[in-house]
Ligand code: PHE
């Protein structure tokens with residue numbers, strides 16, 4: 001079967017950035033930073049992203065392009081043995097992530113509508129918190145929005161790699177970035193915001209412990225879309241002329257900047273309005289409307305923001321679904337349409353349970369004290385993705401190093417200065433550091 005291909009070089013970079021930039025940056029990053037000590041978390045996060053993150057991303061691109069297959073088939077083609085299992089864990093992780101991701105995607109759609117209706121036009125912490133809590137714990141409304149989000153995801157994926165995914169990112173990402181800059185300026189100039197800026201930017205090294213490390217590692221993998229084969233899949237649609245190391249750097253830096261900016265909006269606002277930084281998943285949905293409430297044309301900006309966030313979430317959810325679908329296409333010989341309907345339908349049902357676990361099913365606990373939503377998040381981000389990262393690093397570093405290096409440099413056409421560092425990180429740093437952090441966090 002003919003594989004889809006990216007339309008252009010910038011198209012691929014945008015699509016990969018579209019996968020990376022999403023709810024992970026704007027929704028998850030600020031509350032994870034808030035929960036895990038602010039500045040201490042930030043510094044560990046940046047260190048991981050700039051060493052392990054960028055290296056694993058390059059490895060995934062190289063594996064994907066070398067094999068021109070989705071993850072399971074790629075491991076099979078390049079080596080076989082037990083390696084395809086690593087790809088399969090990624091498929092499981094995609095299903096787990098998309099199940100709760102789509103629920104949050106639904107929340108963002110709901111918030112476009114709620115802000116348009118003027119429901120959020122207040123800076124009163126308590127009423128915004130009550131509104132959010134009431135909404136997500138409902139048994140119907142959030143599930144309807146989850147259905148809409150999942151349907152949109154399936155729609156884009158069905159439109160195919162080039163037309164669906166690439167074009168969406170070209171317009172949207174620059175706009176999202178711009179609006180985040182405007183919001184950051186507003187947030188840091190709010191009275192009382194400086195305390196939040198300090199909390200976020202001044203690291204207190206004594207706060208760094210196993211949990212903070214584990215949170216930063218999980219966040220890095222989640223945010224960069226690593227460890228579950230999304231970047232292998234996207235790399236597999238790539239032409240052999242692309243400069244992979246450069247693409248990995250651009251995508252990593254873009255993703256990192258959006259996350260840093262999001263933190264610079266949310267955390268100062270949290271302090272300015274007297275919210276609690278350890279509030280959890282509601283943080284963005286409660287604090288941001290409060291910031292908008294303090295701005296001229298707040299309703300307009302709120303709508304625009306949630307619209308952009310929805311689209312950013314879509315360009316990520318699409319890459320999650322694409323991993324499952326390309327697995328079904330390559331391994332189970334299914335056609336794209338039935339593969340999309342089957343996987344999308346299944347994920348939709350798991351997502352319903354996730355949504356209900358924010359309300360009536362909240363007392364059912366899975367991992368530790370976590371409901372289904374938090375358990376799937378924890379299991380995927382903090383365990384499965386890092387394991388996938390160890391696997392791809394070991395695979396590149398020890399099993400196919402010459403082949404992978406050839407691929408990463410495009411047969412010498414794109415040599416890069418940090419090739420030795422990359423190899424060293426794949427062979428030693430990434431597997432050991434990730435294993436150690438996983439061990440100390442659990
Ligand atoms: N990186 C995406 C985000 O930050 C989420 C994602 C994770 C997408 C893993 C694909 C794979 O929102």
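In the numbering used here, the protein residues as written are 1 to 442. Each residue gets a CB set at the ideal place from its N, CA and C atoms; glycine is no exception.
- Around the Cβ of residue 151, a 10 Å sphere holds fewer than 16 other Cβ atoms; the residue is exposed.
- Residue 27 sits away from residue 258, with the two beta carbons spaced by 8 Å or more.
- Closer than 7 Å to some heavy atom of the ligand PHE: that does not describe the Cβ of residue 87.
- Looking only at 382, 359 and 239, the smallest Cα-Cα distance to residue 137 is reached by 359.
- Of the residues 403, 410 and 389, the one whose Cα lies closest to the Cα of residue 87 is 389.
- Taking 8 Å as the cut-off, the Cβ atoms of residue 289 and residue 120 count as close.
- Taking 8 Å as the cut-off, the beta carbon of residue 434 is found no closer than this to the beta carbon of residue 85.
- The beta carbon of residue 269 is closer than 6 Å to those of 187, 287 and 291 in its chain, skipping five residues each way along the sequence.
- In terms of CA proximity to residue 108, 281 leads the group 333, 281, 256 and 46.
- At least one heavy atom of the ligand PHE sits closer than 7 Å to the Cβ of residue 228.
- Assigned with DSSP and collapsed to three states, residue 214 falls in helix.
- Shown here, residue 364 sits in coil according to DSSP, grouped into three states, outside any helix or strand.
- Note that the C-beta distance between residue 21 and residue 323 is not below 8 Å.
- Inclusion of residue 97 in the 7 Å shell around the ligand PHE follows from its C-beta lying nearer than that to a non-hydrogen atom of the ligand.
- Around the CB of residue 6, 16 or more other CB atoms lie within 10 Å, so the residue is classed as buried.
- Assigned with DSSP and collapsed to three states, residue 333 falls in coil, not helix or strand.
- Just measuring C-alpha positions, the residue of 170, 41, 61 and 19 sitting nearest residue 205 is 41.
- Relative to the ligand PHE, the beta carbon of residue 218 is positioned no closer than 7 Å to any heavy atom.
- When distances are taken from the beta-carbon of residue 401 to the heavy atoms of the ligand PHE, even the shortest one reaches 7 Å or more.
- Residue 178 sits exposed, since fewer than 16 C-beta atoms from the chains shown fall within 10 Å of its C-beta.
- Taking 8 Å as the cut-off, the beta carbon of residue 73 is found no closer than this to the beta carbon of residue 407.
- Straight through space, the alpha carbons of residue 404 and residue 428 are spaced by roughly 16 Å.
- Distances from the CB of residue 25 to the heavy atoms of the ligand PHE include at least one below 7 Å.
- Contact between residue 195 and residue 271 is confirmed by a C-beta separation of about 4 Å, below the 8 Å threshold.
- Residue 412 carries a coil assignment under DSSP once its states are collapsed to helix, strand and coil.
- The beta carbon of residue 320 sits closer than 7 Å to at least one heavy atom of the ligand PHE.
- Here the alpha carbon of residue 171 sits roughly 14 Å from the alpha carbon of residue 304.
- Rounded to the nearest whole angstrom, the C-alpha separation of residue 132 and residue 276 is 15 Å.
- Under the DSSP assignment, residue 231 falls in the alpha helix (DSSP H) whose first and last residues are 230–236.
- Looking at 52, 129 and 262, the one whose alpha-carbon comes closest to that of residue 34 is 262.
- The C-alpha of residue 317 lies about 12 Å from the C-alpha of residue 96.
- Taken through DSSP and simplified to helix, strand or coil, residue 278 comes out as coil.
- For residue 83, there is no enclosing alpha helix (DSSP H), as DSSP marks it with neither H nor E.
- 23 is the residue among 12, 23 and 10 whose C-alpha sits nearest the C-alpha of residue 256.
- Shortest Cα-Cα distance from residue 166 to any of 208, 113 and 9 involves 9.
- Taking the Cα of residue 198 as reference, the smallest distance to any Cα among 353, 182 and 264 is reached at 264.
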